[in-house]
Amino acid sequence: MTFAGHCFRCGAALPAAPPSVCGTCGYEQYLNARPTASLIVLDGAGRFLALRRSRPPREGLWETPGGFCDAWEEPADAARREAREELGVDVELGAFVGMYVGDYEFQGERLPVLDCFFLATLPAGAHLRLDPDESSESAWLPLADPPVMAFTTMDRALRDAATLLPTR
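Everything in the sequence shown is counted per the numbering used here, starting at 82 for the first residue and increasing by one.
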């Protein structure tokens with residue numbers, strides 16, 4: 082996968098992948114990490130909510146709910162929005178777990194992402210309504226021994242989340 086070799090502003094060919102300067106219009110090109118917001122939804126019994134991806138990239142693998150932040154959207158707000166979109170519920174947002182630099186394959190490009198993770202819980206009596214375009218199934222998996230997740234940032238965040246919880 083390679084980065085598109087054209088200017089974001091005028092469309093002229095770039096002399097090199099960003100960071101670079103367009104030789105035609107002088108626009109400085111940078112490839113900055115795109116922010117995401119994700120949730121580690123806990124059930125109080127040492128398990129987290131995992132979703133099976135129903136679309137590329139990494140279709141069929143487990144992931145945590147979440148997605149890209151909209152322009153000027155705070156990550157905590159994006160996390161709540163993603164829960165409504167992917168789970169059909171309003172979650173109770175908890176502690177911030179951390180930020181992790183990762184990558185995301187999109188339209189033939191490998192893009193840098195800055196994944197922000199929050200702990201969360203479901204309100205009492207909540208019933209999940211998965212978005213079938215996003216997820217084919219859900220499962221409660223052990224936080225102490227999670228499977229390999231769709232994205233390495235999720236693996237790292239789950240390990241860190243486990244250290245935030247009191248031991249029994």
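Positions of the beta carbon are idealized from the N, C-alpha and C atoms, including for glycine.
Under a Cβ-count criterion, where at least 16 other Cβ atoms within 10 Å of its own Cβ denotes burial, should residue i be classed as buried or exposed?
i, result
"residue 103", "buried"
"residue 122", "buried"
"residue 86", "exposed"
"residue 247", "exposed"
"residue 182", "exposed"
"residue 193", "exposed"
"residue 223", "exposed"
"residue 201", "buried"
"residue 227", "buried"
How big is the Cα-Cα spacing for residue i and residue j?
i, j, result
"residue 255", "residue 106", "Residue 255 lies beyond the residue range present for the chain, which begins at 82 and ends at 249; the question has no answer from this structure."
"residue 99", "residue 112", "6 Å"
"residue 205", "residue 185", "34 Å"
"residue 137", "residue 196", "18 Å"
"residue 221", "residue 131", "6 Å"
"residue 241", "residue 178", "7 Å"
"residue 174", "residue 243", "16 Å"
"residue 109", "residue 89", "9 Å"
"residue 187", "residue 116", "15 Å"
"residue 233", "residue 147", "14 Å"
"residue 213", "residue 139", "16 Å"
"residue 156", "residue 217", "25 Å"
"residue 191", "residue 152", "20 Å"
If contacts are defined as beta-carbon pairs under 8 Å, then residue i and residue j qualify, I think. What distance do you get, rounded to the angstrom?
i, j, result
"residue 168", "residue 211", "7 Å"
"residue 231", "residue 134", "6 Å"
"residue 164", "residue 170", "6 Å"
"residue 160", "residue 120", "5 Å"
"residue 118", "residue 150", "6 Å"
Considering only DSSP beta bridges, list what residue i is partnered with.
i, result
"residue 103", "Note: residue 103 sits in no beta bridge, so no partner."
"residue 123", "129 and 202"
"residue 143", "133"
"residue 79", "As displayed, the chain neither begins before 82 nor continues past 249, which places residue 79 out of reach and without an answer."
"residue 149", "117"
"residue 110", "101"
"residue 187", "190"
"residue 87", "94"
"residue 220", "131"
Taking only heavy atoms of the ligand NAD into account, decide whether any of them is closer than 7 Å to the Cβ of residue i.
i, result
"residue 186", "The model depicted lacks the ligand NAD and carries no ligand whatsoever."
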